[in-house]
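For the record, the sequence lines run as chains B and U. Per this note's numbering, the very first residue in the first sequence carries number 228; after that it's consecutive. Per this note's numbering, the very first residue in the second sequence carries number 228; after that it's consecutive. Ideal Cβ placement from N, Cα and C applies to all residues, glycine included. To keep things clear, I will list the structure first and then write my remarks on it.
2 protein chains.
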Amino acid sequence: MADDALVIFTPSGKRGRVPVGTSVLAAARKLGVDLDSVCGGRGICSKCQIAPSYGEFSKHGVHVSPDALTDLNAVEERYDRVRGLKPGRRLGCQACVQGDVIVDVPPESQVHKQVIRKSASERVMVMDPAVRAYLVDVAEPDMHEPLGDFQRLAAALAAQWDVQGLRPDLAVLARLQPALRKGNWQVTVAVHDAGDGARLIAVWPGFRDAPLYGIAIDLGSTTIAGHLVALDDGRVLASSGVMNPQIRFGEDLMSRVSYVMMNAGGDREMTAAVQEAMGALASALAEDAGIDPQDIMEATIVCNPVMHHLLLGIDPVELGQAPFALATSDSLSLPASDAGLDTIAPAGRVYILPLIAGHVGADAAAVALSEAPERRDDLSLIVDVGTNAEILLGNSSRVLACSSPTGPAFEGAQISSGQRAAPGAIERIEIDPVTKAPRFKIIGNAHWSNEPEFGTPLITGICGSGIIEAVAEMRMAGICDASGLIGSAQQVGTERCTPSGRTHEYVIFDATPEGPRITVTQGDIRAIQLAKSALYAGARLLMDEMGVDTVDRVVLAGAFGAHISAKHAMVLGMIPDVPLDCVISAGNAAGTGARMALCSVKARRQIEAQVKRIDKIETAIEPKFQEHFVAANALPHATDPFTGLREIAPLPDVSFNSGGDGSGTGRRRKRRGG
Amino acid sequence: MADDALVIFTPSGKRGRVPVGTSVLAAARKLGVDLDSVCGGRGICSKCQIAPSYGEFSKHGVHVSPDALTDLNAVEERYDRVRGLKPGRRLGCQACVQGDVIVDVPPESQVHKQVIRKSASERVMVMDPAVRAYLVDVAEPDMHEPLGDFQRLAAALAAQWDVQGLRPDLAVLARLQPALRKGNWQVTVAVHDAGDGARLIAVWPGFRDAPLYGIAIDLGSTTIAGHLVALDDGRVLASSGVMNPQIRFGEDLMSRVSYVMMNAGGDREMTAAVQEAMGALASALAEDAGIDPQDIMEATIVCNPVMHHLLLGIDPVELGQAPFALATSDSLSLPASDAGLDTIAPAGRVYILPLIAGHVGADAAAVALSEAPERRDDLSLIVDVGTNAEILLGNSSRVLACSSPTGPAFEGAQISSGQRAAPGAIERIEIDPVTKAPRFKIIGNAHWSNEPEFGTPLITGICGSGIIEAVAEMRMAGICDASGLIGSAQQVGTERCTPSGRTHEYVIFDATPEGPRITVTQGDIRAIQLAKSALYAGARLLMDEMGVDTVDRVVLAGAFGAHISAKHAMVLGMIPDVPLDCVISAGNAAGTGARMALCSVKARRQIEAQVKRIDKIETAIEPKFQEHFVAANALPHATDPFTGLREIAPLPDVSFNSGGDGSGTGRRRKRRGG
């Protein structure tokens, strides 16, 4: 047998000769093969499992004899006995090369595991977190060479793992000495390196056989949602949300900015409130997953610009007035405690995605990371509907972004019977075009209200998706006209249209006097019209800038986007018309982007670069935005825009105005005329 | 006249040709001449003042015509009118080169000013602080290119000052937006760069015409002393000290370590106490100097290892037992708030000098920086006497360091009539060898106690330097023998020797019953003997290691070193015998080292490198230390070691022991024999 042997790794195809007696792990490192190890070849961590193949491999031109690797040794036998080794598997650090061999690295043994990310545009994500664990043996103190424990740890990490220039953190320094002594000079450390140098962020005595964790936080104006993620394979262990306690200072962002302007120290109050909530969310996520919150090493945060500044203790007042100047726009890497996350690892870190513009925040950047329109040749319109709408339009040539001031009507706020999405809220609605009678579904009940199984649940109000469907259905049933005006009982032909002041309202549900009375008022329709006009005008502005009249696909992002009915959105004229199967719900794309940044340093670099490339459009100073806004006020479609039909029968369009079809034509003309 | 002209700068001698019309400041930058400017040539800061010379300069081979520079312009005339321009001075940014010229850069116009540092070894120090001020014009916000204010500031600093890669700090980000608007997009910023990247640490609207400040802190076990320093020229504006509040947890370091071991959370209590005192000291220094504490940008800290760990929240318990492992030994650069300095600039920084060993701290490193024995060919023994003594021995070939456990006797603690150096304490003493009567001086009184002008002040006790002189004088007057034993009234021939239990004490002052009775007891002499033996044994151990029997000079450092009498120290055998004029008091060398590090990044790099080169000797594990310690117990000199004489008459040595001259000979044999 030769002094060296050929080793071929699959699936990478990397190959090379190593001296006989080399461990498979050492061979993998030499050949640049992605084989995981936390213990560095001590036979402890079992991360380096591989599967050798034996036999004739004409494709590779090798014959692999059954003794190409050393026999199972005592370490492997013990591991198999205690923890169980899958058939055919070996520990890469124990099995040594004896002859030519083909070695398969199974997916779970790769450092940079590939994870299929389920979203609108399903993509493979490669695990590349900022934090990694290393097992190290540290030299004992030497009174003749009295280096600090930290310096000897740093030297060991450099020698054993090629981690150079480790920097300390006071919180870890305080724990280092007991850990080293308890572990008898062997410790597992967590090192954070997101391209800005290696930092020691946690230390445990001996070998720590557990994943490290991170949290991805979507810090919204109304709710703060978080996912607890295992940093080895990206799986989500817990998801939770808390109300943003800043709500008590103002329902929407601008009222919070006003609060700061009117109250000295108001920004500090709001910063303290949201930071406390962030810490509580982290604790809640850890409790849900049954882990110690101190095992959370890093958090990524996405949020709008006002929340961003209020989180970091920066007065947001400049964001309330032109030119909407951000204090800072780049991504930030900070101690987690700077963002109030003082319940996680004391030396934990936080990464906040970059902001795109004064009205287009890190949440929009996260959507851009998640949906990546720049990776597609077709033209995507991506809409994240929340209190404001962030809109992206782009393809592989160019990406544009803007924010549109929709207000909170789409979230059920400022609607007479409106409420947040919660059990008891009407979320779906259909109106019979003949009888004008509604049927609906409420959150927490699988049945329609006209089905016997619906029962007699408590009906509390109407949420964002419900009000959109209600207005669209009212339009299609001829209850309101193109200008949005609700007809009288006589005009519409149903007693459900009742007078309310100088206008009419449509009664969806009435349990008076025992229970609630849920109606859609003229004011509700006006609120929805304003919101949808703003959204549409923003999209239209970007289309103008791009020089197009149509888009290839519409992606609805946001928790709200997940529940919105594409058909009803188009009836309302919220979004440009596209074939129904080209409207995609991306779910919580901002949260997905936050998770991607948590799992991958490369993703952070991608979105940082991409944000600089995005062309930013400021709706507030574009005269065309006002034009589009006014022109988009009408409710254009009296019929299903895809079929031109109702299930029962098409109805002629109606007008309750004396002045004809109102302003709705303006929009149609712009889009379809010429 | 040619299109370009020769410009010669003095005192640097740098020369070169520049196009006619070039400002002197621009010419200086082009030729690499060290000419200061904060405003970058806007005619605001007046830091770039220069003095042109006219006439024939055969040495340089040039004739400088009176019109070699442009005439005084409007900016200079206004400056002269408002602030006054010294005769012959010009503003380098306004005066432009018209012909060959010789330009002198006066010392105050140099960025890296040379400062003569007054200390034992007078040295020139070059100002090279980590923090510099820059005046910058920042681009206004652009809604089409919505970069953050910070990003535009960073771009301006890069373009206007070549400061690259500026990093933000949350505390400054919160102040940036109002400052930019108040200054109409012109701000003065303070940037910290100690070789670890540029950080924005303060911002002011418009041009800030004031120096930046720093504080150098000597954090001792008993007192925390600080100097407030102007970072432009290194001058000290205020000096102050506060008691270390940790005193209430234990007088000496080891009792504080014990407190931590006995009380859960004891380290946190002590950390909180000392951090609070640090903040209070910074405020007090600013108040003394009449400046805003928030204009303090940086602090440097020197301290012993236990104080170091307690300051940073690290349990010091490992330092109380072999192998005396430090948690971290390298220098640290941290946010100032991490060291409790939350009264200075919110984004201020702190630099803590490196530790040499488990018993040899950053204070000893500061002494090594200040006294720099490695820069001399003769052999220096440097002793910093405090609660412990840190000892350095070295020359240009090699430097050794150790710490010796003297205990606090030299500071007046554990002495029957002992007290800290404060008004009323006896600090000098002489004993008449014939009458055995003492005379003394007290702190706060310029006269000897036997002079009429002495009056009848309150005499409160005896301080460290007083007890050393007292014991040495007692030895020379024959009141105690070589073993330290105090003779009886009969043996000595004075009623001042009175019985005290089974031994005798010597009465220095007795105002009973009206006032204090100050004596030196047998126990006091034993305490001083233990302390001086430890000090001497440490020095001797280093001399053994160096292979020498004598040193060329002895440097006494520390506040105590400033007051100690070299002669009496040698009578006691505290330090090896050298000619009296080779004993130098370096004053508070640790504090000086802290100031040097504050004023110079280069000095930080020097001491960081030097600390790695120093050979560390751990006295606790060297058997020879015990030998030297025992051998050094005696009081060797019965006469003045320099003259062999008392002023009046030499006295024969005495012994009150039955066993001859006791253990004193052991030490003499070792040093003088063979």
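- Rounded to whole angstroms, the gap between the alpha carbons of U/A552 and B/R308 is 40 Å.
- At least 8 Å separates the CB of U/S466 from every CB of chain B.
- Put simply, the CB of B/K843 is near chain U, with a gap under 8 Å to one of its CB atoms.
- The DSSP-derived three-state label of U/E849 is coil.
- When 8 Å is used as the limit between beta carbons, U/P395 is near these residues of chain B: T555 and L559, in chain order.
- Taking a cut-off of 8 Å on C-beta distances, the stretch 360-376 of chain B does not touch the stretch 284-293 of chain B, as fewer than three cross pairs fall below it.
- Taking all protein chains in view, the Cβ of B/E525 is crowded by 16 or more other Cβ atoms within 10 Å, so the residue is classified as buried.
- Taking a cut-off of 8 Å on C-beta distances, the stretch 604-623 of chain U does not touch the stretch 819-836 of chain U, as fewer than three cross pairs fall below it.
- For the stretch 368-381 of chain U, residues whose beta-carbon sits nearer than 8 Å to a beta-carbon of chain B comprise P368, D369, M370, H371, E372, P373, L374, G375, D376, F377 and Q378.
- DSSP places B/Q833 in no beta strand (DSSP E) but in the uninterrupted alpha helix (DSSP H) bounded by V828 to R840.
- With a 10 Å radius around the Cβ and a threshold of 16 neighbouring Cβ atoms, B/R822 comes out buried.
- CA-to-CA, the gap between U/V881 and U/A761 works out to about 25 Å.
- In the DSSP annotation of this structure, the continuous segment of the beta strand (DSSP E) that includes U/P432 starts and ends at R426 to P432.
- Using a 10 angstroms sphere on the CB of U/N677, the tally of other CB atoms stays under 16, which defines it as exposed.
- At a Cβ-Cβ threshold of 8 Å, U/K759 and U/A704 do not count as neighbours.
- If you draw a straight line from the Cα of U/S466 to the Cα of B/L400, it is about 32 Å long.
- In the DSSP assignment, U/D737 falls within the beta strand (DSSP E) that extends over T730 to D737.
- A residue is called buried when at least 16 other Cβ atoms come within 10 angstroms of its Cβ; U/G774 does not meet this threshold and is exposed.
- At the C-beta level, U/D376 and U/S560 stay beyond 8 Å of one another.
- For U/E545, the closest Cβ of chain B is nearer than 8 Å.
- Apart from the 5 residues on each side of it in sequence, B/C826 sits with its Cβ closer than 6 Å to the Cβ of M354, P356 and G461 in its chain, given in chain order.
- For B/H454, the secondary structure class from DSSP, reduced to helix, strand or coil, is strand.
- For U/P550, the chain B residues whose C-beta falls within less than 9 Å of its own C-beta are E367, P368, D369, M370 and P373, listed in chain order.
- Residue state for U/H864 is assigned as coil, using DSSP reduced to three classes.
- For B/A836, no Cβ of chain U is located within less than 8 Å of the residue's own Cβ.
- With fewer than 16 neighbouring CB atoms inside 10 Å of its own CB, U/V351 falls in the exposed class.
- Cβ neighbours of B/E367 within its own chain (closer than 6 Å, five residues either side excluded): W412.
- A straight line joining the alpha-carbon of U/P803 with that of U/V782 spans about 11 Å.
- Each residue's CA atom was taken as its position, placing B/A584 and B/A383 some 44 Å apart.
- Annotation: the continuous alpha helix (DSSP H) that includes U/F377 extends over D376 to W388.
- Residue state for B/T498 is assigned as helix, using DSSP reduced to three classes.
- Per DSSP, the continuous beta strand (DSSP E) segment holding U/A465 begins and ends at V463 to M470.
- For U/A584, the nearest CB of chain B lies under 8 Å from its own CB, placing it at the interface with that chain.
- L539 and G540: these are the residues of the stretch 510-540 of chain B whose beta carbon lies less than 7 Å from some beta carbon of chain U, given in chain order.
- Ranked by Cα distance from B/R402, the first of U/I271, U/S558 and U/L539 is U/L539.
- Between the C-alpha atoms of U/L252 and U/E303 there is a straight-line separation of about 14 Å.
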